[in-house]
Each structure stands twice: as C-alpha cells, then as structure tokens.
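Participant:
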Amino acid sequence: MKPPLETASPASEQTSASARRKIAAAREKALQNQGWQGTYALFIREVKRFMKIAGQSIVSPVLTTLLYFVVFGFSLGSRLQEIEGIPYIDFLVPGLMMLNLINNAFLNSSFSLFIAKIHGAIVDVLVTPLTPLQIIMAYVGASVVRAVVTGLIIWLVASLMGAGTVAYPLFTIVFMLLTAIGFALFGIIVAIYSETFDQINLLPSFFLMPLTFLGGVFYSISMLPPFWQAVSLANPILYMINGLRYGMTGVSDVSPWIGLGILTALVLLCGLHAWHLLHTGKKLRE
Amino acid sequence: MPNSVVAPTPTENFVGPVLTVQGLSKTYGKLQALHNVNLEIEPGEIFALLGVNGAGKTTMIECICGLQAHFEGQISVAGFDVRKEYARARQITGLVPQELNFDGFFRSLETVSSQGGYFGLRQPDQKARALMKRLSLEGKEKDNTRNLSGGMKRRLMIAKALMHDPALLFLDEPTAGVDVELRDDLWEYVRELRGNGTTIVLTTHYLEEAEKLADRIGIINRGRLLLVERRDHLMDKFGRKRVTLRTAQPLPKHLSRELRIYQWEEGQENEYHFHFRRDETEPTLPRLFELLGQYGVSITDVETRQSRLEDIFRELLQSDDETTS
Ligand SMILES: Nc1ncnc2c1ncn2[C@@H]1O[C@H](COP(=O)(O)OP(=O)(O)OP(=O)(O)O)[C@@H](O)[C@H]1O
Ligand SMILES: [Mg+2]
C-alpha cells in the first residue's frame, strides 16, 4: 500500500485533452501571423515613451534650436546680411534643422533600446514573434516621428519669424526622412554594441556634434581658407547639411545629390547591419 | 498576410509532445552550460526542473524561448522549430524570466497591455486589468513599474507572460521573493492554469513547490539532465521511510540475527532505526512488529519519518558528483 501523497493531481485524461485542444488552437493562431499588429503596438509604445518625456524629447530641442536661431541669426545676421545670395537666417535654418534631426533620431533609438537592454525590459520584446525587420521598423518609425515632428516645429517657428525656406518641399521632406531613418538605424547599432552609458554618449558628443558644427551649420565653406575647405569636404555631414539647405533655399556649397547619395548609403548600410545584428542575436540573444 | 479563403477547419486535438528538446548543448565561451539534453513535455503536465545554482536551468529555458540564438541540437514547440519557425513557436510560448525587469517609462498596466499588443492583441487593456487583478495587483495599475516591490514585479511579469494566453508557459523561479500567502495563491493559480489547458514548466529551489505542484520532475546537474521521473515514481523509487523504535530493554541477541534481512542500525540507548523503501516491498513493517512480538519486546515509542523530495534530491546530486568527479 502506498502512502498517499497530499496533493497528488497528475495530468488527468481530461487536462491532457484540454491541453491538446489549446495547443491546436494556439497553432492555428500562430499560423496566421499577427506580426504587423505587434509591430504597430511596439511602434506606439515607442512613441508613447518619448511623449512621456516630451519636455526633454520635443520641447527642449525646439527651444535650443530656436535659441541658436535667435542668437546667431540676429547677431551675425545683422552683420552678414546675405550669404550666398540669401538672407543669413534663411541660410541658418536648414543647418539647425539638420543638427536637430541627427540628434533626435540618433538619441531616440539608441537610448530607448539601450535602457531596455540595461533594465532587462528588452526581454519582453525578444520573446515576441516580432522579426528583426519588424523590431527595427517600430524603433526607427518612432525615432523618425520624433525627429521629423521637432524638425517641422522648428521649420514652422522659423518661418513665422521671417525665414523664407520652402524652395523644393518634396526634396526637403525626402531628405529629412532619409536623415532621420539613417541616424535612427545608426542609433540601434550603437545601442546593441554599447555596454555602458559612457559608450553610448561617446558618439554624439565626440563625433556627431563636432562633425555637424564643422559641417557648415553656421557658415558657408567658401568663407574658409582653402586648406580648411578641403578638410571640410571630407566631412560627410557637410553634404547632408548642404543637401537640406538646397531643398529649403536652393543654395548649396556642394551638389545636393552627393548628400542624397550619402544618406541613401547610410540607410542601406546601417539598415543591413542592424538587421544582421538582430537576426544573429548578437549581444541581445547570447 | 495572405488572404486565405479557406474556411477555418475545426480545431483538432494536437498530437505528440508540446515541447521536444533533442541533443541540446550550449557553451558560453569555454563553459559548457548544457550537455546533450533530451526532453519531451506532454500536453497538460506541470513539469518541475530542479538543480542547484548554475546547473543550467535558465540556460535551457532561454534556448527554448528565443533568448539564446546559438546552441546545438533541435528544439520544437508544438511542432515548430524554435529557430526556423521562431515567430510561430514564440506565439505559443510564454516566459516569466528569473531576472526581474522593469520599464521605468511606463505604468504597470501599460506594460502589461503593450505585451499583449506585441503578440497581436488589438484591445489588450481589459485583459491586462483582469490579469493584474487575478495576480493581486489591483490598485497598482497606475504605479510606475520601477516602484513596485520585488514580489510585485514578479507577479507583474507573470501577468505579462499570460497576455497572449500561451499554451506552453515557462516559470523560471516564479515564487522567488513572493511572500508565503501569495505563494500559496500562486500555486493555486498555476493549478488553475493547468486546468485551463496550459502546459507548465517551472524551475524552483523550493522543493516543496515541486513536490506539491509537479506531475513530473527533471533533475539537472552541471548541464546534464540526470533523470526525469513522474513525481510519484520518484518518491517511490528513491523515497525512504525511517521507523525509529524505542524499547523498554535492549533487543535480545538472537533476535538481532533474525533481523538481518532488515536495514537497521542502533541509535541512542534502546533506540533502533529501521529503513524501508517507500513502496513497502519485503521485508515489511508488519512483519517486523510480528517478530518483535514473538520475542516479547515491549515497544515504548514509535516514530516514523518519510524522506521528502529534498532528501532524494540531495542524495541524487551527491552520487552524481561522486561518480563524475
Ligand atoms: N550569459 C552568460 N554568459 C556566460 N555564462 C553564463 C551566462 N548565463 C549563464 N552562464 C553560466 O552558465 C551556467 C548555467 O547558468 P544558468 O543560469 O543556466 O543556471 P541555473 O540553473 O538557472 O542557476 P540558478 O538556480 O542560479 O538560476 C552557470 O555556470 C553560469 O555561470
Ligand atoms: Mg536560473
């Protein structure tokens, strides 16, 4: 005679049958992929995330940019009057917008992903059926919304303050989108590789910021001595700033198509690399 | 998503194991965390995976749930390979990870709802509320997840894992840090989930938990699955019962000879420990009392002690460590 176990409740025929039914139903559901609905949910989550810190993610970059606009536009503008044949404030707006696009797109995706990684919440995304492409699209989508919305606010306020910058609107919009997508993808890559906050801050402070400032946000490189002109031409961000300036004012130091080419290359290279990282699970699934 | 015109067929019962692990090996650099693990989980069971710290329990679960991309061997969930058909496998699987996590940007209800969203739920709020209520998190919906206590975070993670109603649920130390009352409630809930057709794999260091909940138990040691047994069989096969007798006088000499067939030893004065297999094969306890009666031994006290899963576990690990080292 066996001593009774207090809580013997082995899987009975009944529970086994209901489990088999449940698995069959779950299989059917799994076969109708819900991935795009899930992608949308992750995208919305990401938008909500930066909206929760709107003061920091939207208001602050707009204010900072407008401060630059006021300080440089009016102080230098009154002395410079015209540059490349257009009013200085018109010249300034695209540069400031590019500065803002790069920063917001990069910071949004890199910080969101990095913090999720550090606090472990990334696991919640990694166990879902979302594919690498879907995860990338959700993160990039939200970053683009943040970057482009702040960009448009700056554009609008600058226009209200008297800047006349709507030369080629379609070119401008495409350029803004490509910039935001490219740097959001770049942010994903950096977040995946980074292990400390220092590492993630490294690129924006020591690389993106200086290159942007030296890429002709405030001046035309034709104003520089020949040597520094040549050096400036090695800076890829120069082409992006000038491309956007072409779209908004029709004026550019270099061919805007080079900028478009560089951005397209950035989107493709970073896109492929980010996809590869997520696909192989490097740093995230190991 | 292709617009299929085929009418949905009535769901038939799924046949076969809900989880199949074949030849699973996993290394972290030089460390071999899993060695050739083979395991099948049957629909509707509660399976407990036991093992000391670092035995490889979490690693195994991570390989199944998509948190480890690189391993040797084959794993399939409900017939879907977890690497080749990961999206499908993950739609069926739910995981409550061992490591507590939080999302400082959101309120707890929002994180639970979002989790349902990622799995394709369109209106997840109501379900999220219901799950939080069931897990005794009512009133905490608006709290930032960062500010929940450890046990609350754990329960929030359970709510998240259940949003898409997984058919196969992994609970990696579900009651770590959960207080006694809520732990009982959680056990009750685990049984309830199983009653609804969810198959459950859990790990735990509370052997009482495995003993109370599990239908089958697997013991893993240094990356090897030492044994997988029905809990009842395990207790029968390895379980021991110790009967301690206290007598008025020492046992007579010639009786000792008759008692050779028993496994016994002397304790303190006039105290004797007899060991029996839990399934009570020969020689039996009644036979012992008969013998003692024949020799006129008067018994002053009887005490019995059953070995529990804990003892079995310790013994098995000890013998494994002896044989492998
Ligand atoms: N990401 C990792 N990188 C390197 N080694 C790891 C990693 N994760 C686990 N290990 C190692 O693999 C072994 C198994 O760890 P695992 O977390 O699977 O154990 P466990 O059985 O879950 O233990 P515990 O009861 O403590 O949770 C341990 O030696 C651990 O140090
Ligand atoms: Mg573990």
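As they're listed, the protein sequences go chains E and U.
This note's numbering puts the first residue of the first sequence at 1, with every later residue one more than the last.
This note's numbering puts the first residue of the second sequence at 1001, with every later residue one more than the last.
For every residue, glycine included, the Cβ atom is placed at its ideal position computed from N, Cα and C.
Looking only at its chain, what residues have a beta carbon closer than 6 angstroms to the beta carbon of residue 109 of chain E, apart from the 5 residues adjacent to it on each side?
Facilitator: The residue given as residue 109 of chain E occupies position 109 in the first sequence. Contacts found: 139, 143, 184, 187 and 188.
Participant: Sort U/1292, U/1096, U/1188 and U/1073 by Cα distance to residue 1156 of chain U and report the nearest one.
Facilitator: For the purposes of this step, residue 1156 of chain U is taken as residue 156 along the second sequence, with counting starting at 1. Nearest C-alpha to residue 1156 of chain U: U/1096.
Participant: Of all the CB atoms in chain U, is at least one closer than 8 angstroms to the CB of residue 37 of chain E?
Facilitator: Locating residue 37 of chain E in the first sequence gives position 37, counting from the first residue. Under the 8 angstroms criterion on CB atoms, residue 37 of chain E is classed as interfacial with respect to chain U.
Participant: Taking the straight line between their C-alpha atoms, what separation do you get for residue 4 of chain E and residue 1217 of chain U?
Facilitator: On the first sequence, residue 4 of chain E is found 4 positions in, with the first residue counted as 1. On the second sequence, residue 1217 of chain U is found 217 positions in, with the first residue counted as 1. Here residue 4 of chain E scores only 40 on pLDDT, less than 50, and its place in the model is too uncertain to base an answer on.
Participant: Quick check on the DSSP output: the beta strand (DSSP E) that includes residue 1048 of chain U runs from which residue to which?
Facilitator: Locating residue 1048 of chain U in the second sequence gives position 48, counting from the first residue. Per DSSP, residue 1048 of chain U belongs to the beta strand (DSSP E) from 1046 to 1050.
Participant: Which residues in the same chain as residue 1322 of chain U place their Cβ atom closer than 8 angstroms to its Cβ, once the five residues preceding and following it in sequence are excluded?
Facilitator: For the purposes of this step, residue 1322 of chain U is taken as the residue at position 322 of the second sequence. Its chain contains no residue whose beta carbon lies nearer than 8 angstroms to that of residue 1322 of chain U once the 5 sequence neighbours on both sides are disregarded.
Participant: Is the CB-CB distance between residue 1191 of chain U and residue 1177 of chain U below 8 angstroms?
Facilitator: In the second sequence, residue 1191 of chain U corresponds to position 191, counting from 1. In the second sequence, residue 1177 of chain U corresponds to position 177, counting from 1. The Cβ-Cβ distance between residue 1191 of chain U and residue 1177 of chain U does not fall below 8 angstroms.
Participant: For the 8 angstroms Cβ check, are there 3 or more pairs between the region 148 to 157 of chain E and the region 165 to 182 of chain E?
Facilitator: yes
Participant: Is the region 1247 to 1265 of chain U touching the region 1078 to 1096 of chain U, taking contact as three or more C-beta pairs under 8 angstroms?
Facilitator: Short answer: they don't touch.
Participant: With distances taken Cα to Cα, identify the nearest neighbour of residue 290 of chain E among E/193, E/91 and E/239.
Facilitator: Given that chain E is displayed from residue 1 to residue 286, the structure contains no residue 290 of chain E and the question cannot be resolved.
Participant: Tell me the DSSP secondary structure of residue 1307 of chain U in three-state form.
Facilitator: Start at 1 with the first residue of the second sequence, and residue 1307 of chain U comes out as number 307. Looking at residue 1307 of chain U - three-state DSSP - the assignment turns out to be coil, as it is neither helix nor strand.
Participant: So what's residue 1114 of chain U in DSSP terms, helix, strand or just coil?
Facilitator: Locating residue 1114 of chain U in the second sequence gives position 114, where the first residue counts as 1. Reduced to three states, the DSSP call for residue 1114 of chain U is helix.
Participant: Given that a residue counts as buried once 16 or more other Cβ atoms are within 10 Å of its Cβ, and exposed if not, what is residue 215 of chain E?
Facilitator: Here residue 215 of chain E corresponds to residue number 215 of the first sequence, with the count starting at 1. Classification of residue 215 of chain E: buried, given that the 10 Å Cβ count is 16 or more.
Participant: What are the boundary residues of the alpha helix (DSSP H) that residue 1062 of chain U is part of?
Facilitator: The sequence position of residue 1062 of chain U within the second sequence is 62, counting from 1. Segment 1057 to 1065, the alpha helix (DSSP H) holding residue 1062 of chain U.
Participant: Three or more beta-carbon pairs under 8 angstroms between the region 62 to 81 of chain E and the region 46 to 54 of chain E, yes or no?
Facilitator: no
Participant: Under 8 angstroms by Cβ, that's how I've got residue 1200 of chain U and residue 1061 of chain U pegged, so tell me the actual separation to the nearest angstrom.
Facilitator: Numbered from 1 along the second sequence, position 200 holds the residue referred to as residue 1200 of chain U. Numbered from 1 along the second sequence, position 61 holds the residue referred to as residue 1061 of chain U. Not really, about 12 angstroms apart at Cβ, beyond 8 angstroms.
Participant: Go to residue 1143 of chain U, then tell me how far its alpha helix (DSSP H) extends in each direction, as first and last residue.
Facilitator: What you label residue 1143 of chain U is simply residue 143 of the second sequence in a count that begins at 1. The continuous stretches of alpha helix (DSSP H) do not include residue 1143 of chain U, and DSSP gives it neither H nor E.
Participant: Classify residue 1305 of chain U: buried if its beta carbon has 16 or more other beta carbons within 10 angstroms, exposed otherwise.
Facilitator: As a working note, residue 1305 of chain U is residue 305 in the second sequence. By the 10 Å Cβ count, residue 1305 of chain U comes out exposed.
Participant: For residue 1025 of chain U, list the residues DSSP reports as bridge partners.
Facilitator: Taking the second sequence and counting its residues from 1, the one referred to as residue 1025 of chain U is at position 25. DSSP lists U/1072 as partners of residue 1025 of chain U.
Participant: Straight-line CA distance for residue 1134 of chain U to residue 1226 of chain U?
Facilitator: Counting from 1 along the second sequence, the entry for residue 1134 of chain U is found at position 134. Counting from 1 along the second sequence, the entry for residue 1226 of chain U is found at position 226. Each residue's Cα considered, the two are about 36 angstroms apart.
Participant: Do you know whose CA, among U/1113, U/1173, U/1196 and U/1314, lies nearest residue 1044 of chain U's CA?
Facilitator: Taking the first residue of the second sequence as position 1, residue 1044 of chain U is located at position 44. For residue 1044 of chain U, the closest C-alpha among the options U/1113, U/1173, U/1196 and U/1314 is that of U/1196.
Participant: Take residue 1111 of chain U and list the residues in its own chain whose beta-carbon comes closer than 6 angstroms to its own, dropping the five residues that flank it on each side.
Facilitator: Position 111 of the second sequence, counted from the first residue, corresponds to residue 1111 of chain U. For residue 1111 of chain U, where only same-chain residues beyond five positions count, the Cβ hits under 6 angstroms are 1103 and 1145.
Participant: Should residue 1001 of chain U be flagged as near chain E, meaning a C-beta pair shorter than 8 angstroms?
Facilitator: Counting from one through the second sequence, the residue named residue 1001 of chain U turns up at place 1. Low confidence applies here, because residue 1001 of chain U scores a pLDDT of 46, under 50, leaving its location unreliable; read the following figure in that light. Chain E contact via Cβ: present.
Participant: For the alpha helix (DSSP H) containing residue 229 of chain E, list its first residue and its last residue.
Facilitator: The residue given as residue 229 of chain E occupies position 229 in the first sequence. Taken as a continuous stretch (DSSP letters only), the alpha helix (DSSP H) holding residue 229 of chain E covers 226 to 232.
Participant: Would you say the beta carbon of residue 1058 of chain U is closer than 7 angstroms to some non-hydrogen atom of ligand 2?
Facilitator: Position 58 of the second sequence, counting from 1, holds the residue named residue 1058 of chain U. Checking every heavy atom of ligand 2 against the Cβ of residue 1058 of chain U, one is found closer than 7 angstroms.
Participant: Below 7 angstroms CB to CB, which residues in the same chain sit around residue 270 of chain E once its five sequence neighbours on both sides are set aside?
Facilitator: Taking the first sequence and counting its residues from 1, the one referred to as residue 270 of chain E is at position 270. Within the same chain, Cβ atoms closer than 7 angstroms to the Cβ of residue 270 of chain E are found at 182, 185, 186 and 189, the five residues on either side in sequence being excluded.
Participant: Kindly list, in the order they appear in chain E, the residues whose Cβ is closer than 8 angstroms to that of residue 1067 of chain U.
Facilitator: Numbered from 1 along the second sequence, position 67 holds the residue referred to as residue 1067 of chain U. Simply 123, 126, 127 and 285.
Participant: So, with DSSP's three-state summary, where would you put residue 1176 of chain U?
Facilitator: Numbered from its first residue, the second sequence carries residue 1176 of chain U at position 176. Per DSSP, reduced to three states, the secondary structure at residue 1176 of chain U is coil, with no helix or strand assignment.
Participant: Residues of chain U with CB under 9 angstroms from residue 173 of chain E, in chain order?
Facilitator: Reading the first sequence from its first residue, position 173 is the one you call residue 173 of chain E. Per Cβ cutoff of 9 angstroms: no residues; residue 173 of chain E is ~29 angstroms from chain U at best.
Participant: For residue 1035 of chain U, name the three-state secondary structure that DSSP assigns.
Facilitator: Counting from one through the second sequence, the residue named residue 1035 of chain U turns up at place 35. Here residue 1035 of chain U sits in strand by DSSP.
Participant: May I ask you to check if the CB of residue 1028 of chain U is nearer than 7 angstroms to at least one heavy atom of ligand 1?
Facilitator: In the second sequence, counting from the first residue as 1, residue 1028 of chain U sits at position 28. Correct: residue 1028 of chain U has its Cβ closer than 7 angstroms to ligand 1.
Participant: To which residues of the same chain is residue 65 of chain E closer than 6 angstroms at the C-beta, ignoring the five residues directly before and after it?
Facilitator: Walking along the first sequence from the start, residue 65 of chain E turns up at place 65. Answer for residue 65 of chain E: 96, 100 and 154, listed in chain order.
Participant: Would you mind working out which of U/1123, U/1194 and U/1039 sits nearest residue 12 of chain E, comparing C-alpha positions?
Facilitator: Translated into positions along the first sequence, residue 12 of chain E becomes position 12. Comparing Cα positions, the closest option is U/1194.
Participant: Tell me whether residue 1055 of chain U counts as near ligand 3, meaning its Cβ is closer than 7 angstroms to at least one heavy atom of that ligand.
Facilitator: Ligands in the displayed structure: ligand 1 and ligand 2; ligand 3 is not one of them.
Participant: Mind checking the region 253 to 282 of chain E against chain U and listing, in chain order, the residues whose C-beta falls within less than 7 angstroms of any C-beta there?
Facilitator: 280 and 281
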